[in-house]
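Below: one structure, written as structure tokens.
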Amino acid sequence: MKDSKKLEDSNTNIITNSEEDFLSHLKAEIEQGKEDLRNGNFITHEEMLLELKRKKLI
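Whatever position you read off the sequence shown (first residue = 1), add 27 for my numbering.
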């Protein structure tokens, strides 16, 4: 019984850590996106479509 409780706690910790890692990574990407936008490091939708067509992806 104790072993199954330990395994359950271990799985819960893995899931919690995974969620925390995911959220941390997501927040960092959002901040990077905000910084890119402030610095003008982006392309328009039309430019992206042209790039995708040039690469024959659409």
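Quick reminder that beta carbons are idealized off the backbone N, C-alpha and C, glycines included.
- Per DSSP, what kind of secondary structure is L50 in: helix, strand or coil? Locating residue 50 in the sequence shown gives position 23, counting from the first residue. Note: L50 maps to helix in three-state DSSP.
Along the alpha helix (DSSP H) that carries K80, what are the first and last residues, could you check? Residue mapping note: residue 80 aligns to position 53 of the sequence shown, counting from 1. That run of the alpha helix (DSSP H) goes H72 to R81.
Whole-angstrom distance between S45 and E73, CA atom to CA atom | Here residue 73 refers to the residue found at position 46 when the sequence shown is read from its first residue. Here residue 45 refers to the residue found at position 18 when the sequence shown is read from its first residue. The straight-line gap from Cα to Cα measures roughly 36 Å.
**Message:** Assuming contact is defined by CB atoms lying nearer than 8 Å, are I85 and L79 in contact in what I supplied?
**Reply:** Along the sequence shown, read from residue 1 onward, the residue named residue 85 stands at position 58. Along the sequence shown, read from residue 1 onward, the residue named residue 79 stands at position 52. Taking 8 Å as the Cβ cut-off, I85 and L79 qualify as a contacting pair.
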